[in-house]
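*Asks:* In mature numbering (1 follows the signal peptide of the UniProt record, and there is no 0), the protein residues as written are -24 to -1, 1 to 876. Mind looking over this structure? Questions follow.
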């Protein structure tokens, strides 16, 4: 800033003083100016503190009256006159004049100044009586740093607890003002939410609605900054409800037990709150009085003979009386007898006549009205039979494929018992493809194979069956002599030591050979194997995931006239649209041990057919071999299902020890079965029903931790409370089960048996969580993996392998393979059965309708829902023919007369 010399200021002052005197002399009569010349300058507006934002200069303003001159002085130096913008104004109210001066201060001027204090400026005003100085106005460069000095941290607090979030805003000039956001919305500071002077957020009494993401926001004239989100979770610890009433004693007679229970619902745990401590069930001894059945006392004496030629006697049920729920006496309480030995009876008109007992009353005993009644009934029955025959013949003559096709009772009838041959020297379910079955013996299975009697257990007692493949714990194989029309379902039967019950575990894989697939007088020894090998031979590329077990069916030279239906369970999560998250492909292993792609589920193919459902994939295949489903995730939203199971067993090396083992496997029955067989050998018990967890493909790991373990009763090895699996281990290329173990030791008094209550948390980092509740003791038995009623038949053959009777099957194929007179063909059948995605595959088959029915059979192997097929056929029959018009005046919604 330039300087003004003293000589210049004096010259200017003399000139101004001379001019003012001349002016005063010329206007001596002005009263207002006389008053002005007699006072010191008074500032009407002093310069204010200012902040320079970015590179924009600021303007300082100064007003004074009376003032002959006003100049700015910055940092002790005069501002050059050329940098002043001076104006003179007249106050309209008083007629007095005042002077106004403005200067601009740039960012460069402030940055170039280096002094002990901030850049400052003041005004100096002159009048006839002297000078006046204004206040100092500081000029600073405004800014706001990006990083907060302290970000708020997430926290978990109990209900009605205190929430305190600390925040220190970024450094800035001027100081930043702090406000709080909840879920990106400005927080309403009600009476329960406060903010202290140090910018901390305090909620004195937390509510459930206070859970959310909190953000600290700092603002000044330059910018607005936001801190990182702080997640606040308000949790609720569980509380026990009142005890229920005692249940009835578990025995009807003598000493027994009765129970009462309570639930952890008062309140229920919420947002990760602790589960209730203590037992949910109480047991108490009870004594029940044994029931006493009633007994008849002696008969009383006969009464006198009455006018009706009869006498009576009675007895009481009092020796003993029925008590405590005992059964009453059987038999009549009253007895009656003819007191004349049958010679006296009561006549029709109430008079007594004497004749031999039982003699006919005469020729009028057989009334003629009875003949008329029986004749009428016979005529009515005959009429109904004739009407039924006429209606049936009419419907058969007007239906395209017969009325029994749409009758579900016809679809479910006609099943017969069956037998199939298998090897007596070993279990057919544990034979690999290199072992040929011995068909010298036979055995019939007519119920779910739970092998409970000693004869059937011989199949499992021979441990040499596992010697050829020692590393394979589960093999879903079936070696049977398959003839025309048969199916096999892969299953595994393990040997379970007491106290484990017989568990029948299905592997979720089935193979169906359609009718007519094998030529007459021809038989094949077919097998189906679930392959378990090293992950180096897995059929997946770098960016693919194995979604199903590798399944082989054969033999290799199998020659069938129609495709077989293979159903395979998979672990892909298809809760969102499948084509938006997964690209699922079917691969086959070549003789050179390389994998080739057979088809993609979202593309059409004429070589094979794939129907992808939520948990299974149904395939129509024409070539035997080794197949597997693989998937390529299309986004991070892709997820697969994991099945979680927790097993427990006593520690054999420590009498007070107990081991918990948590398994994470793909959500297929085959993977869960492998764990069950492994735990069977170890003597483990399933402590909680297996749960399903959705594992996302976003790259985050899986954590398994034990929670709510009573610290006074149980101890755990250090640094094992929380264990972690990397994302690559869970999202890996193979199906080997992931296992983590918790070794516990009992510290409390030695009750018999010790109780164990805790929670196992399995969660993906920044993902979903599943809780396994463990409450067990040595006296309680394990939880069965599958009820016996759900154990599938290992093999079915003949007509029992199919839900559709042969006659109905042939009639449907004959009707729909070629368009009939009404233009209805197999394409309409595929549409009604919801398998019309890849019609080009069916068009290449010799009998498209038969292949469609085979696909329907394998879809409904478990449910056997023949009503859906019957309804579909009825809809086809009721549907109007293509190209036909409804006659005028006829209701288009009225069904065809042939099915009315």
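For each residue, glycine too, the CB sits at the ideal point set by N, CA and C. Computed from a prediction, not measured in an experiment: that's the story for all the values here.
How is the alpha helix (DSSP H) around residue 877 delimited, first residue to last?
*Replies:* Nothing can be reported for residue 877: it is not among the residues displayed for the chain, which extend from -24 to 876.
*Asks:* With H, G and I counted as helix, E and B as strand and the rest as coil, what does DSSP make of residue 207?
*Replies:* In this structure, residue 207 counts as strand in the three-state DSSP scheme.
*Asks:* Could you pull out every residue in the same chain whose Cβ sits closer than 7 Å to the Cβ of residue 673, ignoring the five residues on either side in sequence?
*Replies:* Taken in chain order, the residues that qualify are 609, 612, 614, 615, 707.
*Asks:* Let me check understanding here. Comparing Cα to Cα, which of 290, 753, 100, 268 lies closest to residue 43?
*Replies:* Checked all of 290, 753, 100, 268; the closest Cα to residue 43 is 100.
*Asks:* Quick one: what's residue 65 bridged to in DSSP?
*Replies:* Answer is 74.
*Asks:* Can you find the residues in the same chain that come closer than 6 Å, C-beta to C-beta, to residue 3, ignoring five residues on each side of it along the sequence?
*Replies:* Model confidence at residue 3 stands at a pLDDT of 42, short of 50, so the residue's coordinates are unreliable; what they give is reported in the following sentence. There are no such residues.
*Asks:* So, helix, strand or coil for residue 134, using DSSP?
*Replies:* DSSP places residue 134 in strand when its eight states are reduced to three.
*Asks:* Can you tell me which of 29, 32, 77 puts its alpha carbon nearest to the alpha carbon of residue 21?
*Replies:* Taking only the C-alpha atoms, the option nearest residue 21 is 77.
*Asks:* Using only CA atoms, which one of 696, 164, 120, 139 lies nearest to residue 147?
*Replies:* With distances taken between Cα atoms, residue 147 lies closest to 120.
*Asks:* With a Cβ-Cβ cutoff of 9 Å, do residue 296 and residue 254 count as a contact?
*Replies:* Not closer than 9 Å, so no.
*Asks:* In terms of DSSP beta bridges, what is residue 314 paired with?
*Replies:* According to DSSP, which records beta bridges pairwise, residue 314 is partnered with 286.
*Asks:* Let me check one thing: in DSSP terms, what residues is residue 671 bridge-paired to?
*Replies:* Its beta-bridge partners are 616.
*Asks:* Between 229, 688, 64, 682, which lies nearest to residue 267 when the distance is taken from Cα to Cα?
*Replies:* Taking only the C-alpha atoms, the option nearest residue 267 is 229.
*Asks:* My output table needs one value for residue 608: the three-state DSSP class, helix, strand or coil.
*Replies:* Three-state result, residue 608: strand.
*Asks:* Rounding to the nearest angstrom, what Cα-Cα distance links residue 185 and residue 749 in this structure?
*Replies:* Going by the C-alpha atoms only, they are around 27 Å apart.
*Asks:* Do the stretch 556 to 564 and the stretch 634 to 646 make contact, defined as three or more Cβ pairs closer than 8 Å?
*Replies:* No, the stretch 556 to 564 does not touch the stretch 634 to 646.
*Asks:* Smallest Cα separation from residue 233: which of 179, 745, 647, 260?
*Replies:* It is 260.
*Asks:* In chain order, what residues of the same chain lie with their CB nearer than 6 Å to the CB of residue 31, ignoring the 5 residues before and after it?
*Replies:* Once the five neighbours on either side are set aside, the close Cβ partners of residue 31 are 83.
*Asks:* Let's test the definition: count the other Cβ atoms within 10 Å of the Cβ of residue 197 and tell me whether it reaches 16, buried, or not, exposed.
*Replies:* Burial call: exposed.
*Asks:* Let me confirm a value: residue 853 is counted as buried when at least 16 other C-beta atoms fall within 10 Å, else exposed. Which label applies?
*Replies:* Buried, because 16 or more other Cβ atoms sit within 10 Å of the Cβ of residue 853.
*Asks:* Cα separation between residue 361 and residue 350?
*Replies:* About 17 Å.
*Asks:* When DSSP labels each residue in this structure, what does residue 55 get in the three-state scheme?
*Replies:* Coil.
*Asks:* Note down, one range per segment and in chain order, each beta strand (DSSP E) of at least 3 residues found wholly within the stretch 675 to 739.
*Replies:* Listed in chain order, they are 678 to 683, 690 to 692, 698 to 701, 714 to 722.
*Asks:* Reducing DSSP to helix, strand and coil, say where residue 88 ends up.
*Replies:* DSSP places residue 88 in helix when its eight states are reduced to three.
*Asks:* Which residue comes first and which comes last in the alpha helix (DSSP H) that contains residue 802?
*Replies:* Here the alpha helix (DSSP H) through residue 802 covers 802 to 808.
*Asks:* If I measure Cβ to Cβ from residue 443 and keep anything under 6 Å in the same chain, skipping five residues before and after, which residues do I get?
*Replies:* Low local confidence applies: a pLDDT of 34 at residue 443 is under 50, so the model's placement there is unreliable, and no value is given.
*Asks:* Give me the Cβ distance between residue 191 and residue 180, rounded to the nearest whole Å; I'm assuming they're in contact under 8 Å.
*Replies:* Rounded, the Cβ-Cβ distance is 21 Å, inconsistent with contact.
*Asks:* Determine the extent of the alpha helix (DSSP H) in which residue 126 is found, giving its start and end residues.
*Replies:* That residue, residue 126, is in no alpha helix (DSSP H); it is neither H nor E in DSSP.
*Asks:* For the stretch 507 to 539, list the beta strand (DSSP E) runs that are entirely contained and at least 3 residues long, ordered along the chain.
*Replies:* With a minimum length of 3 residues, the continuous beta strand (DSSP E) runs that stay inside the stretch 507 to 539 are 526 to 530.
*Asks:* Is the distance from the Cβ of residue 835 to the Cβ of residue 594 below 9 Å?
*Replies:* For residue 835 and residue 594, yes; Cβs fall inside 9 Å.
*Asks:* Which partner residues does residue 109 have in the DSSP bridge list?
*Replies:* Looking at the DSSP assignment, residue 109 forms a beta bridge with 100.
*Asks:* When DSSP builds the beta bridges, which residues end up paired with residue 877?
*Replies:* Because the chain here runs from -24 to 876, residue 877 falls outside it and cannot be looked at.
*Asks:* In angstroms with no decimal places, state the Cα-to-Cα distance between residue 506 and residue 487.
*Replies:* Going from the Cα of residue 506 to the Cα of residue 487 covers about 12 Å.
*Asks:* Inspect the beta-carbon positions of residue 682 and residue 698 and report whether they are closer than 9 Å.
*Replies:* Cβ atoms of residue 682 and residue 698: closer than 9 Å.
*Asks:* Per DSSP, what kind of secondary structure is residue 181 in: helix, strand or coil?
*Replies:* Here residue 181 sits in coil by DSSP.
*Asks:* Between the Cα of residue 27 and the Cα atoms of 149, 49, 130, 87, which residue gives the shortest distance?
*Replies:* Per the Cα distances, 149.
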